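A.B. asks:
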Amino acid sequence: MAANPPPTRSPELRKDSVTGRWVIFSPARAKRPSDFKSKAPENPNNNPSSCPFCIGNEHECAPEIFRVPDDPNWKLRVIQNLYPALSRNLEYPIGRNDEPSNELGGWNQVVPGFGFHDVVIEAPVHSIQLSDLSPSEIGDVLIAYKRRIEQIKGFDPIKYVQVFKNHGASAGASLSHSHSQILSLPIVPPSVSARLNSMKEYFNQTGKCSLCEVQSKDLLINETSHFISIAPFAASFPFEIWIIPRDHSSDFDDLDDEKAVDLGGLLKLMLRKMSLQLNNPPFNFMIHTSPLQVTNSDLPYSHWFLQIVPQLSGVGGFELGSGCYINPVFPEDAAKLLREVNVPI
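First residue of the sequence shown: 94, per my numbering; consecutive thereafter.
Structure representation (structure tokens):
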């Protein structure tokens, strides 16, 4: 007689107090959490001899914004994107108000496609990935993000700056040379507004910041002097990770050099743990910060964080239609597995 199968946890619906999103946790739809391994193919663009991001090929890139250090033997470069989503050359009317026009009539709204789309080349050598860098070198990348955001703040039409990294072809990376991107928008995206509204609602109900309140040991992965890493309570994706400043901070560009190195070390640790546990999956990371024109009344509940999403499962019609995600892995289980990953020093 066959043995009875192990009991399966009942499904749950959880609401994320940060994003306002409902997530269905359905463990019956998955194998054991420890069985999750990426099967994604390698990035096809893996030829350093033809890579425009490699040192010596600077002439093949779009114009440079700055490099660190400012000499031929650079460690990182910030350049314009050769194929930008928005145009920095588009004339944007001075004194334009925040309201989109109704140039097409009815409910159709239009804003000029003005903005900045930049690339951060994180290392000069093709084979080096972000997780190969030292904490201080990753800190330099983070400070480069900050420096570019501070430059962009001088442009009044820009309302929000999204820093993100795509690693692996199935995560959206067209080149395998380690890089990240900065996209500066003339609008505040709906998901950002929804996040701020959800955090405001929590603050109005409790008098506290929802991210300052994260204390569950079951969700904690690792911690440092200035940051914690967790599996979020209502993670939308299997093995999703958030890195959160311990001290309340609304803007990513408040990051100083000491905290950048500290964050660099924790980000390196999370990427290496994820790679070892999940077979080096494609992933995305995003920095969720405040809009540039944040008001003083928003500061008590707006708290920036870095989100890492390994690409282990696709998004289907239910998710696209409802905005509600199905996650087969409870975050407590994901956090436990990631805590226990032994990363070689």
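Glycine included, C-beta positions come from ideal geometry on N, C-alpha and C. Since this is a predicted model, take the numbers as computed values, not measurements.
DSSP beta-bridge partners for N420?
C.D. replies: Per DSSP, F118.
A.B. asks: So, under 8 Å CB-CB, Y418 and S284 are touching, yes? Tell me the CB distance rounded to an integer number of Å.
C.D. replies: That belief does not hold up - the Cβ atoms of Y418 and S284 are roughly 13 Å apart, past 8 Å.
A.B. asks: Would the beta-carbon of M367 fall within 8 Å of that of P403?
C.D. replies: Their beta carbons are under 8 Å apart, which means M367 touches P403 by this criterion.
A.B. asks: Using CA coordinates, which residue listed in S277, D249, V307 and P375 is at the minimum distance from G261?
C.D. replies: Considering only alpha carbons, the answer is P375.
A.B. asks: Suppose contacts are defined by Cβ-Cβ distances below 8 Å. Is I336 in contact with L399 by that definition?
C.D. replies: Yes; because the gap between Cβ atoms is below 8 Å, this pair is in contact.
A.B. asks: Determine which residues share a DSSP beta bridge with N150 and list them.
C.D. replies: The partner list for N150 (beta bridge, DSSP) is empty, contrary to what the question assumes.
A.B. asks: Does DSSP put E433 in a helix, a strand or coil?
C.D. replies: The answer is helix: DSSP assigns E433 an H, G or I state.
A.B. asks: Going by C-alpha distance, which of I245, P145 and I148 is nearest R181?
C.D. replies: Nearest of I245, P145 and I148 to R181, Cα basis: I245.
A.B. asks: What does the Cβ neighbour count give for P424, buried or exposed, with the cut at 16 atoms within 10 Å?
C.D. replies: Answer is buried; the Cβ neighbour count reaches 16.
A.B. asks: Could you say which of S291, F296 and V204 lies nearest to H251 if we only look at CA atoms?
C.D. replies: Checking the sequence, you will find Ile at residue 251 rather than His. It is V204.
A.B. asks: If you count every other CB in all the chains shown that lies within 10 Å of the CB of H152, and 16 or more means buried, which is it?
C.D. replies: With fewer than 16 other Cβ atoms within 10 Å, it is exposed.
A.B. asks: Which residues in the same chain as C147 place their Cβ atom closer than 8 Å to its Cβ, once the five residues preceding and following it in sequence are excluded?
C.D. replies: Around C147: P141, P217, V218, H219 and H270.
A.B. asks: For E333, is the classification buried or exposed, using 16 other Cβ atoms within 10 angstroms of its Cβ as the cut-off for buried?
C.D. replies: Buried is the call here.
A.B. asks: If you pair each beta-carbon of the region 221-237 with each one of the region 351-370, do three or more pairs fall below 8 Å?
C.D. replies: These segments touch.
A.B. asks: Buried or exposed: which applies to N206, given that a residue is buried once 16 or more other Cβ atoms fall within 10 Å of its Cβ?
C.D. replies: Sequence inspection shows Gly at residue 206; the Asn mentioned does not correspond to that position. Classification of G206: exposed, given that the 10 Å Cβ count is below 16.
A.B. asks: Please report the Cβ distance between L405 and P331, rounded to the nearest whole angstrom; I am assuming they are in contact, meaning their Cβ atoms lie under 8 Å.
C.D. replies: Between P331 and L405 the Cβ distance is about 5 Å, and since that is below 8 Å, they are a contact.
A.B. asks: Given a threshold of 16 other Cβ atoms within 10 Å of its Cβ, counted over all protein chains shown, does K352 qualify as buried or as exposed?
C.D. replies: Counting Cβ neighbours within 10 Å, K352 comes out buried, since at least 16 surround it.
A.B. asks: For F207, which beta-bridge partners are listed by DSSP?
C.D. replies: Looking at the DSSP assignment, F207 forms a beta bridge with S180.
A.B. asks: Using three-state DSSP, classify I221 as helix, strand or coil.
C.D. replies: Coil, per DSSP.
A.B. asks: Taking the C-alpha atoms as reference points, what is the distance between H319 and A428?
C.D. replies: Roughly 19 Å between the two C-alpha positions.
A.B. asks: Report yes if the CB atom of L371 is closer than 8 Å to the CB atom of V436, and no otherwise.
C.D. replies: Result no, Cβ atoms of L371 and V436 do not sit closer than 8 Å.
A.B. asks: What does a CB cutoff of less than 6 Å around F159 pick up in its chain, not counting 5 residues either side in sequence?
C.D. replies: The answer, listed in chain order, is V171.
A.B. asks: Pull up the DSSP beta-bridge partners for L313, would you.
C.D. replies: Answer is I323, bridged to L313.
A.B. asks: How many Å lie between R365 and E105 at the Cα?
C.D. replies: Taking the straight line from one Cα to the other gives about 30 Å.
A.B. asks: Strictly by DSSP, which residues pair up with N259?
C.D. replies: For N259, which the question treats as bridged, DSSP gives the partners N377.
A.B. asks: How about the region 338-352 and the region 233-242: do they share at least three Cβ pairs that are nearer than 8 Å?
C.D. replies: At 8 Å Cβ cutoff, the stretches touch.
A.B. asks: With distances taken Cα to Cα, identify the nearest neighbour of V212 among L304, G247 and Q255.
C.D. replies: Per the Cα distances, Q255.
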